[in-house]
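Residue numbers (the working numbering): 1 to 340. Quick reminder that beta carbons are idealized off the backbone N, C-alpha and C, glycines included. These figures come from a predicted structure and were not determined experimentally. Structure, as structure tokens:
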């Protein structure tokens with residue numbers, strides 16, 4: 001019903017101003033591919049530099065790097081396979097979750113439980129990784145660690161700098177919980193208590209209030225898409241679409257101006273939930289990204305932390321750029337899809 005309603009609205013708008021609407025409701029696939037191609041060197045260069053300088057995977061940098069690059073490779077973009085394999089191996093080595101100079105003294109379970117946000121991002125990208133037994137074995141172990149990190153109230157604790165983000169602490173905890181639950185629902189974990197743990201997480205999330213961030217709505221849409229309740233799925237999708245700005249984008253916070261972070265998240269989740277690349281909502285979002293991309297392939301993004309609300313921050317720019325790439329890639333067919 002919602003798809004029919006959306007169509008009728010689009011048709012009505014088109015009747016009133018067809019010429020004005022046309023540029024924003026169509027997207028050129030070749031332009032999308034060009035934008036991704038322009039971003040890849042930036043993602044590779046800045047990510048490789050982070051590895052050398054920081055020697056830490058970090059929840060907001062390297063997971064987004066390997067996710068976007070593996071997804072690009074899967075869609076036929078020219079990615080150096082040898083370097084990508086090295087980055088995948090480095091990112092999935094749990095000792096690199098810490099910048100400690102004494103990594104040999106670290107314990108795997110403790111390190112993993114302190115990096116749940118890193119783990120769920122690495123796991124969410126697992127289908128895009130090139131076949132590699134060692135990497136897949138590491139990811140399987142991460143899923144078990146993530147399940148064990150669940151707290152008594154059914155939630156997962158956000159780690160690193162995420163608690164300092166400029167949204168309610170409860171909302172950040174809900175986001176980490178939803179990402180973790182989404183990930184573990186897709187993972188083949190050998191845990192006899194997982195059904196109970198999943199119910200506990202669902203109970204925790206049942207008291208969630210309307211959120212301020214696009215990320216919250218995007219991950220809720222992904223989670224609803226795993227279920228069988230189409231009414232809930234349509235309702236969440238509709239809510240996310242209503243926060244789309246006139247320029248076609250979303251902000252990381254719904255009330256913020258459009259940025260690559262919020263827009264990439266929205267495109268990815270909406271496409272995952274069933275919207276096609278030629279849907280006007282997706283086309284307008286893609287066109288926002290195409291128009292706002294910088295010459296170096298990046299997108300400027302303000303910081304997500306409270307002390308960086310109104311200024312562009314390199315880490316947010318990188319995170320947002322990777323999400324823009326992930327979102328744009330979601331509108332393109334994989335090489336496997338094309339072969340069918």
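Between the CA atoms of residue 221 and residue 274 - distance to the nearest angstrom: 11 angstroms
Residue 264 and residue 324 closer than 8 angstroms at C-beta: Going by C-beta atoms, residue 264 is nearer than 8 angstroms to residue 324.
Whether residue 77 touches residue 37 by CB criterion (8 angstroms): yes
DSSP three-state assignment for residue 296, whether helix, strand or coil: coil
Within the stretch 195-243, ranges of the alpha helix (DSSP H) (whole runs, at least 4 residues): With a minimum length of 4 residues, the continuous alpha helix (DSSP H) runs that stay inside the stretch 195-243 are 214-226, 230-242.
Beta-carbon gap between residue 59 and residue 117 smaller than 8 angstroms: yes
Whole runs of the alpha helix (DSSP H) within the stretch 251-297, excluding any shorter than 4 residues: Restricting attention to alpha helix (DSSP H) runs no shorter than 4 residues, the stretch 251-297 encloses them at 260-272, 280-292, ordered along the chain.
Enclosing alpha helix (DSSP H) for residue 49 [first to last residue]: 29-54
Spatial neighbours of residue 314 in its chain, beta-carbon cut-off 6 angstroms, leaving aside the 5 residues before and after: none
Host alpha helix (DSSP H) of residue 133 (start-end): 133-148
Selected residue, minimal CA-CA separation from residue 92, among 144, 104, 119: 119
Sequence-distant residues of the same chain with beta carbon closer than 8 angstroms to residue 202, five excluded per side: 154, 181
Candidates 214, 147, 143, of which the one nearest residue 175 by Cα: 214
C-beta neighbour in chain D for residue 270, strict 8 angstroms: Given the protein chain composition of this structure (a single chain), no chain D is represented.
Expected contact under 8 angstroms - CB spacing of residue 90 and residue 40 to nearest Å: Actually they are not in contact, since the Cβ atoms of residue 90 and residue 40 sit about 18 angstroms apart, beyond 8 angstroms.
Of the listed residues 308, 318, 235, 283, nearest to residue 294 (C-alpha basis): 318
Sequence-distant residues of its chain with Cβ nearer than 8 angstroms to residue 64 (five each side left out): Closer than 8 angstroms at the Cβ level, and outside the excluded window around residue 64, lie 121, 318, 319, 322, 323, 326.
DSSP three-state assignment for residue 95, whether helix, strand or coil: helix
Cβ contact check for the stretch 185-196 and the stretch 154-167: 3 or more pairs under 8 angstroms: no
Opening and closing residue of the alpha helix (DSSP H) in which residue 67 lies: 62-74
As assigned by DSSP and simplified to three states, the class of residue 312: The answer is strand: DSSP assigns residue 312 an E or B state.
Run of the alpha helix (DSSP H) containing residue 347, from where it starts to where it stops: Residue 347 lies beyond the residue range present for the chain, which begins at 1 and ends at 340; the question has no answer from this structure.
Three-way DSSP call (helix, strand, coil) for residue 102 in this model: coil
Euclidean distance between Cα positions of residue 344 and residue 185: Residue 344 cannot be examined here, being either before or after the span of the chain that is shown, 1 to 340.
Whether residue 69 touches residue 79 by CB criterion (8 angstroms): A contact, by the Cβ cut-off of 8 angstroms.
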